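First comes the structure, then the notes that go with it.
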Amino acid sequence: MKRTPIVLGGTIAGLVGVLMFRTTPSQSSFTTIPGASAASGPSATPAASASASARAGSANKASATKASGKSGKAGSTRTATGSAVNYSWGILSVKVTVSGKKITNVAIASLDDGGNPRSQMIDQQSVPILEQETLQAQSASIQGVSGASYTSQGFEQSLQSALQTLGV
Amino acid sequence: MPPAHPIHHLEDVMGTIVTIDVYSTAEVTGSELDVLHGQLARARAVLHHADEVFSTWQPHSPVSRLRRGEISLDQAPLEVAEVLRHCAAARELSHGWFDPWAMPGGADPTGYVKGWAAQRALAAFSAETISGAIVNAAGDIASFGGLGDAQPFRIGIADPAAPRRLAAVIELTGAIATSGSYERGNHLIDPHSGEAISRAASASVTGPDLGLADALATALAVAGEPGLALIEPLDGYEALVIGFDGGKRWTERFPMQ
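First to last, the protein sequences are chains D and X.
All you need for my numbering is the position in the first sequence, starting with 1, plus 2.
All you need for my numbering is the position in the second sequence, starting with 1, plus 374.
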């Protein structure tokens, strides 16, 4: 799984874009295309994971343009774990907590990067950045975080499926 | 009026994600925005160039070849000698707690290069047209200016016990680097013993230059709280150490809120 995460930057930018978009009060929530973001299990080949990323890209576009009438109960706190997603460096899933429609917490629920030191280092540096970006996209009070260094494209896919489960 | 945020860019480089943000007091449009995008392109090129020269992951990078003894320092790009000079200065300032020459496998300036490259990338932007800019290399942050209207940048410091939470928020002038054992597992090496160890859960250093701040933060994470005494006399540099019990100690002028 030592592939260059070429779509990573774009995916994160897409994530932040989607989250920024989500927080606009006049917008209603989004749906993802069911199944589009979930990849197969640990035996998936790099080619399969690459096509999953490509599909996720199109799913994100769809979610950014397609608003649904679903809405969460205002003020209630709920948590869901997204589907396990195969990405360039391994398999991960994301757990998200929302209060009403606001994301209050997002974290990695599971992460298997196969123990490769290179992928572990990428994970450790990039995952917290995605977590921060997710929360920061909803909070303008700080401009950055020092010291959290863990990321991945699968993060967004799993996050989207968790949000879908919550109807956010 | 909220500050304008004409650039928010994420770059996949140096084995991590580097975010570049530019703020201004008014919306930036037309040719001024084109100028900003030109500066962004230069900043990105600086980061990729540093990656090509200094990567210890790429077997054919000049630093990898230097470490294997295939080329001499004279044959490496000029920046390599420059960075090693800075590393030697940081080793001295930190009383040997930061020592790229004590790393297994030959001199490894990685602990300095990320901050050094981010600081150089920041220099692509000019304070003339914008209120401030931030280059954040996986939590090591170089900045100048602020949000505009005398509002400084506010930066969170990750809680080492729960990296998603914040242990502190500071008003930042210049750079901040944070180092800790949670970052890459317990991979910090005590240069004095050669063993993997750290005596603080995390250490943050603020100052004018991110390269040096990064090196000093690494040194402090290994040295622990007693290391604060090394930072106190350094002009312009301040530090915060968070212990494994969550306790915080900082130098006199560290910008705690």
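Ideal Cβ positions, reconstructed from N, Cα and C, are used throughout, including at glycine.
The structure displayed is predicted, hence computed values, not measured ones.
For residue i, count neighbouring Cβ atoms within 10 angstroms of its own Cβ and tell me buried if that reaches 16, exposed if not.
{"i": "residue 71/D", "result": "Note that residue 71/D scores a pLDDT of 31, beneath 50, so its modelled location is shaky; the value from the coordinates is reported in the next line. Result: exposed."}
{"i": "residue 431/X", "result": "exposed"}
{"i": "residue 73/D", "result": "Because residue 73/D sits at a pLDDT of 42, beneath the cut-off of 50, its placement in the model cannot be relied upon, and the following sentence gives the value as read from the coordinates. By the neighbour-count rule (16 or more Cβ atoms within 10 Å), residue 73/D is not buried but exposed."}
{"i": "residue 465/X", "result": "buried"}
{"i": "residue 29/D", "result": "Residue placement at residue 29/D is poorly supported in this model, since its pLDDT is 27, which falls under 50; the coordinates still yield a value, given next. Label assigned to residue 29/D: exposed."}
{"i": "residue 600/X", "result": "exposed"}
{"i": "residue 625/X", "result": "buried"}
{"i": "residue 448/X", "result": "exposed"}
{"i": "residue 460/X", "result": "buried"}
So which residues on chain D does residue i lean against when the C-beta distance must stay under 8 angstroms?
{"i": "residue 430/X", "result": "Under the 8 angstroms cutoff, chain D gives no residues; its nearest Cβ is about 11 angstroms from residue 430/X."}
{"i": "residue 531/X", "result": "147, 148 and 149"}
{"i": "residue 576/X", "result": "149"}
{"i": "residue 482/X", "result": "Here the premise fails: no neighbours, minimum Cβ distance about 14 angstroms."}
{"i": "residue 581/X", "result": "Result: empty, since nearest Cβ-Cβ is about 13 angstroms, beyond 8 angstroms."}
{"i": "residue 551/X", "result": "148"}
{"i": "residue 554/X", "result": "149"}
Measure the beta-carbon distance from residue i to residue j and round it to whole angstroms, keeping in mind my assumption that it falls under 8 angstroms.
{"i": "residue 543/X", "j": "residue 144/D", "result": "6 angstroms"}
{"i": "residue 527/X", "j": "residue 417/X", "result": "Going by Cβ atoms, the distance from residue 527/X to residue 417/X rounds to 17 angstroms, so no, they are not a contact pair."}
{"i": "residue 395/X", "j": "residue 508/X", "result": "5 angstroms"}
{"i": "residue 479/X", "j": "residue 592/X", "result": "About 17 angstroms separates the two Cβ atoms, so there is no contact after all."}
{"i": "residue 581/X", "j": "residue 549/X", "result": "6 angstroms"}
{"i": "residue 574/X", "j": "residue 617/X", "result": "6 angstroms"}
{"i": "residue 496/X", "j": "residue 517/X", "result": "7 angstroms"}
{"i": "residue 576/X", "j": "residue 552/X", "result": "6 angstroms"}
{"i": "residue 399/X", "j": "residue 378/X", "result": "7 angstroms"}
{"i": "residue 168/D", "j": "residue 82/D", "result": "5 angstroms"}
{"i": "residue 596/X", "j": "residue 490/X", "result": "20 angstroms between Cβ atoms; not a contact."}
{"i": "residue 569/X", "j": "residue 631/X", "result": "Actually they do not touch by this definition, with Cβ atoms about 36 angstroms apart."}
When the Cα of residue i is compared with those of the options, which residue comes out closest?
{"i": "residue 115/D", "options": "93/D, 103/D, 108/D and 105/D", "result": "93/D"}
{"i": "residue 488/X", "options": "426/X, 534/X, 519/X and 475/X", "result": "426/X"}
{"i": "residue 587/X", "options": "387/X, 412/X, 428/X and 610/X", "result": "610/X"}
{"i": "residue 96/D", "options": "85/D, 105/D and 167/D", "result": "85/D"}
{"i": "residue 87/D", "options": "105/D, 106/D and 113/D", "result": "113/D"}
{"i": "residue 476/X", "options": "441/X, 454/X and 565/X", "result": "565/X"}
{"i": "residue 605/X", "options": "504/X, 628/X, 619/X and 621/X", "result": "628/X"}
{"i": "residue 523/X", "options": "493/X, 450/X and 504/X", "result": "504/X"}
{"i": "residue 533/X", "options": "383/X, 513/X, 545/X and 547/X", "result": "513/X"}
{"i": "residue 619/X", "options": "535/X, 384/X and 482/X", "result": "535/X"}
{"i": "residue 462/X", "options": "547/X, 482/X, 386/X and 612/X", "result": "482/X"}
{"i": "residue 428/X", "options": "386/X, 408/X, 450/X and 622/X", "result": "450/X"}
{"i": "residue 607/X", "options": "439/X, 520/X and 590/X", "result": "590/X"}
In chain X, which residues lie with their C-beta within 9 angstroms of the C-beta of residue i?
{"i": "residue 144/D", "result": "527, 528, 529, 530, 540 and 543"}
Taking C-beta pairs closer than 7 angstroms, name the residues in chain D that residue i reaches, listed in chain order.
{"i": "residue 508/X", "result": "145 and 146"}
Along chain D, which residues have their Cβ under 9 angstroms away from the Cβ of residue i?
{"i": "residue 395/X", "result": "145 and 146"}
Query raised in the report: Quick one: complete alpha helix (DSSP H) runs, 4+ long, within the stretch 401–489 of chain X?
Result: 404–428, 436–441 and 452–467
Query raised in the report: Taking only runs of the beta strand (DSSP E) that begin and end inside the stretch 491–574 of chain X, which ones reach a length of at least 3 residues, in chain order?
Result: 506–511, 514–522, 525–533, 536–546 and 549–554
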